[in-house]
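Numbering (this note's numbering), first residue to last: 24 to 249. C-beta atoms are modelled at their ideal positions from N, C-alpha and C, and glycine is treated no differently.
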DNA sequence: GCGACAG
DNA sequence: ATCTTGTCGC
C-alpha cells in the first residue's frame, strides 16, 4: 500500500458511510482503541468499558511491525491493521468503538473512526486531543459545553469540554451514529478526566503492554504477534 | 510558492 | 507519536 493509493481508497469507501439521525441506543459496554509505538513497532489495545460504572471489563492487545508511515490524513492506514487484530481478540464483538483520532472531521470526511467503522460495519466515532480540520468558536467553561467545528461550510465535529477548566477534546462521528449522540457519550464517559475513559484506558494499556514487551524477553510468551 | 498538518 | 523537568493546583 502506497500513500498515493490511500486517498483513492478513502474516496471509494466513503459512500458506504451510514450517518443516521440522533437517537443512538447506548449499549452496556463500549470499546476504546489506541496504538502506542516504539520506532516502527506498534502495540494496539482494545479496552471494553462498562458504561454504567466506567470500569474496565476486558483488555485485548496486538503488536507487530508497522510499515505505513504517519501521514496527516492517512492515519487509518497506519493504525487499522493492529487495531483489527486487537479487536479480533476480544471475547465478544463490540457494540460501539471509540478511536483516538477523527471520523468525519477529515479532509475527505473519512478519518480513522469512519474507516474502521465501515470495515467492521460497527457504530464508531473519534475523540481527538488536538484540532485538525474545522474552525470553532470559544466554548463556555462548564463541563458538557461544546462548539461546532465547521470546515468548508460543513459541521464536521464538535469541540467538547469534558471537564471544567480543561482544554476541550474534539469529537466527530465515524459510522452509524450521529454527532449529537457522540457528544453526549463523550461527556458521559468522562466522569473524572479530560479524556473519556475508553480512549484513556486504551492509551494506558497499549503503553503498558509496549513497556512489558521492551523489558521482558522478546520471545516466549511475548513473541509477536501478541 | 509556503506553511500547516489526527497520531 | 516520541523526546523530557520542573511546576502549579486540588
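7 Å Cβ cutoff met for residue i and residue j
i	j	result
residue 184	residue 146	no
residue 157	residue 180	yes
residue 208	residue 220	no
residue 93	residue 125	no
residue 128	residue 108	no
Per-residue DSSP class, three states only, for residue i
i	result
residue 165	coil
residue 143	helix
residue 129	coil
residue 218	coil
residue 48	coil
residue 69	strand
residue 41	coil
Residue span of the alpha helix (DSSP H) that contains residue i, given as start and end
i	result
residue 99	98-111
residue 202	202-211
residue 195	Here residue 195 belongs to no alpha helix (DSSP H); instead the beta strand (DSSP E) covers 192-198.
Spatially closest choice to residue i from the options, by CA coordinates
i	options	result
residue 44	188, 205, 136 and 223	205
residue 75	153, 222, 224 and 214	214
residue 78	91, 70 and 170	70
residue 47	159, 210, 201 and 228	201
residue 231	28, 50, 61 and 25	61
Where the beta strand (DSSP E) through residue i begins and ends
i	result
residue 83	79-88
residue 52	52-61
Subject >> At least 3 beta-carbon pairs within less than 8 Å: the segment 150-166 vs the segment 60-72 >> reply: no
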